């Protein structure tokens, strides 16, 4: 997402007690994951409209190499159409949050996605 939205989302996640790493592109995201050995990121929040590589492609690449359930991926979308949400799930994402992002939306979706995976917030 753009710089301001990344900062706001980071602050909201930190208020929930999350440790947050931000990146500005799909390639940076893949680099951060591969540089961590794939183990240090429990959840990724991906904007579906990123420069160079969109969130759908990033999710598909992560799923190709890391399997279907790790890390958990939540899409950040501006469009609430069901076809966009369906495409997120088909790309291997575990949840969706519609912008503008509010603290309770993040908390609710994190709880839902983590619960499905047998984890806790």
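Numbering (the numbering used here), first residue to last: 1101 to 1221.
We put the beta carbon where it would ideally sit given N, CA and C, even for glycine.
Please read these numbers as outputs of a predicted model, since none were measured by experiment.
Alpha carbons only, please: which of the options is nearest the one belonging to residue i?
i            : options                   : result
residue 1134 : 1156, 1171, 1154 and 1106 : 1171
residue 1164 : 1190, 1186, 1149 and 1185 : 1190
residue 1176 : 1194, 1166, 1115 and 1117 : 1194
residue 1108 : 1212, 1206, 1215 and 1214 : 1206
residue 1211 : 1180, 1192, 1155 and 1173 : 1173
residue 1127 : 1218, 1113, 1149 and 1183 : 1149
residue 1192 : 1178, 1157 and 1202       : 1157
residue 1147 : 1215, 1203, 1199 and 1111 : 1199
residue 1142 : 1111, 1102 and 1121       : 1121
residue 1217 : 1169, 1187 and 1202       : 1169
residue 1188 : 1114, 1145 and 1103       : 1145
residue 1125 : 1155, 1167, 1215 and 1112 : 1155
residue 1202 : 1112, 1103 and 1167       : 1112
residue 1208 : 1102, 1116 and 1179       : 1116
residue 1196 : 1159, 1151, 1140 and 1132 : 1159
residue 1140 : 1151, 1152, 1153 and 1118 : 1118
residue 1151 : 1219, 1204 and 1102       : 1102
If residue i sits next to residue j, beta carbons under 8 Å apart, how far is it from one beta carbon to the other, in whole angstroms?
i            : j            : result
residue 1106 : residue 1130 : Actually they do not touch by this definition, with Cβ atoms about 17 Å apart.
Name the one or two DSSP bridge partners that residue i has.
i            : result
residue 1197 : 1176
Taking only runs that begin and end inside the stretch 1106-1178, name each unbroken alpha helix (DSSP H) of 4 or more residues, in chain order. 1126-1135 and 1155-1166
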